[in-house]
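Using our numbering, the final residue of the sequence shown is 1511, and nothing's skipped along the way.
Ideal Cβ placement from N, Cα and C applies to all residues, glycine included.
Since we're looking at a predicted model, the values are computed, not measured.
Here is the structure we will look at.
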Amino acid sequence: MAIEQATLITPDRPQRIEAQTHIAQWRKQIQHIDDRNTLRTAQQLAAGGTIDQLNAAVAQARKIEPGQPLRPEAQTAIAQWNRQIETLQDQPILDLARAFAQRRDLIAAISTANQIRPGRMLYAEAQSAIAQWVAQIQTAQDRPILEAAAALAAQGRFDAAIATAAQIPPERALYQQAQAAINLWKSQLN
């Protein structure tokens, strides 16, 4: 009503500039109230916590236009909700991978956890689990080599023990242990 009245002031009137200033301020206040309501609605949607509700909250908050005072607050909320969405989407994948690992199916565990892409909320956690499972696989594969080398060393066949332990490459989980044994056996050769 006030805006409508102020727009009726013609350009030749002395109050025109003041009226235009008030109109701009009122419109800004109205927009702020509308944006606050939009953000409040988005927050209420997000409170449900499901993927669909969080997606609806993101869509609602995106209605706040760039340049508006509440836009940074909306962007912060959107980022938080997107992180929640990623966690809700990827947690079942990580849980399944851990279930495979519990059943000692480490290849399936690794393959499943690798479905979580870089940049996602649970990516670092998935990569940490994968590294542990890879180390378990490598240990299971390389332990017999190290045990065979130790058996050779126990027989005094240090050259053969060193050659056997040297089969374990640097990127493997038991490499440091193999190198320590090799150094010990080399010292016993002299």
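Residue-chain proximity (residue i, chain D), Cβ-Cβ < 9 Å
i: residue 1398; result: Looking for chain D here will not work: only one protein chain is present.
Under 9 Å between C-beta atoms of residue i and residue j
i: residue 1463; j: residue 1494; result: yes
i: residue 1403; j: residue 1375; result: yes
i: residue 1352; j: residue 1389; result: yes
i: residue 1422; j: residue 1450; result: yes
i: residue 1513; j: residue 1363; result: What is shown of the chain runs 1322 to 1511, which leaves residue 1513 out entirely.
i: residue 1489; j: residue 1499; result: yes
Closest by C-alpha distance to residue i, when choosing among the options
i: residue 1454; options: 1478, 1498, 1415; result: 1415
i: residue 1466; options: 1442, 1496, 1438; result: 1496
i: residue 1398; options: 1382, 1442, 1488; result: 1382
i: residue 1357; options: 1384, 1439, 1346; result: 1384
Length of the line joining the Cα atoms of residue i and residue j
i: residue 1391; j: residue 1406; result: 22 Å
i: residue 1452; j: residue 1430; result: 11 Å
i: residue 1507; j: residue 1477; result: 12 Å
i: residue 1418; j: residue 1470; result: 34 Å
i: residue 1408; j: residue 1480; result: 53 Å
i: residue 1459; j: residue 1473; result: 21 Å
i: residue 1413; j: residue 1437; result: 11 Å
i: residue 1361; j: residue 1370; result: 15 Å
i: residue 1501; j: residue 1393; result: 56 Å
i: residue 1486; j: residue 1426; result: 27 Å
i: residue 1484; j: residue 1373; result: 59 Å
i: residue 1439; j: residue 1400; result: 17 Å
Backbone secondary structure at residue i - three-state DSSP
i: residue 1407; result: helix
i: residue 1507; result: helix
i: residue 1480; result: helix
i: residue 1394; result: helix
i: residue 1495; result: coil
i: residue 1414; result: helix
i: residue 1426; result: coil
i: residue 1376; result: helix
i: residue 1447; result: helix
i: residue 1349; result: helix
i: residue 1436; result: coil
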